[in-house]
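K.L.:
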Amino acid sequence: DPETAMYRELWEETGLQQQHVQVLGRTRYWLRYQLPERYIRKNSMPLCIGQKQIWYMLRLITQDSNVRFDHCAKPEFDSWRWVDYWEPLNDVVYFKRKVYQKAMSELGAILAIDSVPVNAAGYLAKENKNDKVKGSRSK
Numbered sequence: 009d010p011e012t013a014m015y016r017e018l019w020e021e022t023g024l025q026q027q028h029v030q031v032l033g034r035t036r037y038w039l040r041y042q043l044p045e046r047y048i049r050k051n052s053m054p055l056c057i058g059q060k061q062i063w064y065m066l067r068l069i070t071q072d073s074n075v076r077f078d079h080c081a082k083p084e085f086d087s088w089r090w091v092d093y094w095e096p097l098n099d100v101v102y103f104k105r106k107v108y109q110k111a112m113s114e115l116g117a118i119l120a121i122d123s124v125p126v127n128a129a130g131y132l133a134k135e136n137k138n139d140k141v142k143g144s145r146s147k
């Protein structure tokens, strides 16, 4: 169940529980990305070649101070901050940008957020030419 998984990840990564957030919506379909070959850890099991994700739009309905990263042995994050809606497109690693753009465009409609701003569009086209996604063809 994607919603159960979302709440588990929310707790592990931020220390927030179900009563701390309000679900405003989710992506209609699974969104997927593949890791470029050089990011695949071939000696770790299970082998991860990418992810499929359902994204959720959540409203924080508790104090910011309830966000904590000490709920698991190896925290994924060490800090957080509020940012403008489209800023993550500028910051995320290039091979995840299309997934971010799809999810944020779909979920932005919930908040009546306009489509991707012109200054973010260039980030969608950026990629490292040395990286190949397994199973993809170069043009």
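The sequence shown runs 9 to 147 under this note's numbering.
Using N, Cα and C, we set each Cβ at its ideal position, and we do this for glycine too.
Computed from a prediction, not measured in an experiment: that's the story for all the values here.
According to DSSP, is residue 53 part of a helix, a strand, or is it coil?
P.N.:
What you label residue 53 is simply residue 45 of the sequence shown in a count that begins at 1. In the structure shown, residue 53 sits in coil (DSSP, three-state: anything other than H, G, I, E or B).
K.L.:
Once the 5 residues before and after residue 2 are set aside, which same chain residues still bring their CB inside 7 Å of it?
P.N.:
Since the first residue of the chain shown is 9 and the last is 147, residue 2 is not available in this structure.
K.L.:
From the DSSP output, which residues share a beta bridge with residue 39?
P.N.:
Residue 39 sits at position 31 when you count from the first residue of the sequence shown. Answer is 61.
K.L.:
With distances taken Cα to Cα, identify the nearest neighbour of residue 66 among 107, 115, 54.
P.N.:
The count along the sequence shown starts at 1 and reaches residue 66 at position 58. It is 115.
K.L.:
Suppose contacts are defined by Cβ-Cβ distances below 8 Å. Is residue 35 in contact with residue 111 by that definition?
P.N.:
Here residue 35 corresponds to residue number 27 of the sequence shown, with the count starting at 1. Here residue 111 corresponds to residue number 103 of the sequence shown, with the count starting at 1. Yes, they are a contact pair.
K.L.:
So, helix, strand or coil for residue 89, using DSSP?
P.N.:
Within the sequence shown, residue 89 is the residue found at index 81, counting from 1. Correct three-state label for residue 89: coil.
K.L.:
When DSSP labels each residue in this structure, what does residue 68 get in the three-state scheme?
P.N.:
The count along the sequence shown starts at 1 and reaches residue 68 at position 60. Correct three-state label for residue 68: strand.
K.L.:
Where do the ends of the alpha helix (DSSP H) carrying residue 116 lie?
P.N.:
In the sequence shown, counting from the first residue as 1, residue 116 sits at position 108. Residue 116 -> alpha helix (DSSP H) spans 105 to 116.
K.L.:
What separation, rounded to the nearest whole angstrom, lies between the Cα atoms of residue 94 and residue 119?
P.N.:
Here residue 94 corresponds to residue number 86 of the sequence shown, with the count starting at 1. Here residue 119 corresponds to residue number 111 of the sequence shown, with the count starting at 1. Approximately 13 Å between the Cα atoms of the pair.
K.L.:
Are the CB atoms of residue 63 and residue 39 within a distance shorter than 8 Å?
P.N.:
Start at 1 with the first residue of the sequence shown, and residue 39 comes out as number 31. Start at 1 with the first residue of the sequence shown, and residue 63 comes out as number 55. A contact, by the Cβ cut-off of 8 Å.
K.L.:
I need the straight-line Cα distance from residue 117 to residue 37, nearest angstrom please.
P.N.:
Position 109 of the sequence shown holds residue 117. Position 29 of the sequence shown holds residue 37. If you take the alpha carbons of residue 117 and residue 37, they lie about 15 Å apart.
K.L.:
With a 10 Å radius around its C-beta and 16 neighbouring C-beta atoms as the bar for buried, classify residue 17 as buried or exposed.
P.N.:
Translated into positions along the sequence shown, residue 17 becomes position 9. Result: exposed.
K.L.:
May I ask you to list the residues that DSSP assigns as paired with residue 33?
P.N.:
Mapped onto the sequence shown, residue 33 falls at position 25. DSSP, once it has assigned bridges, lists 65 as partnering residue 33.
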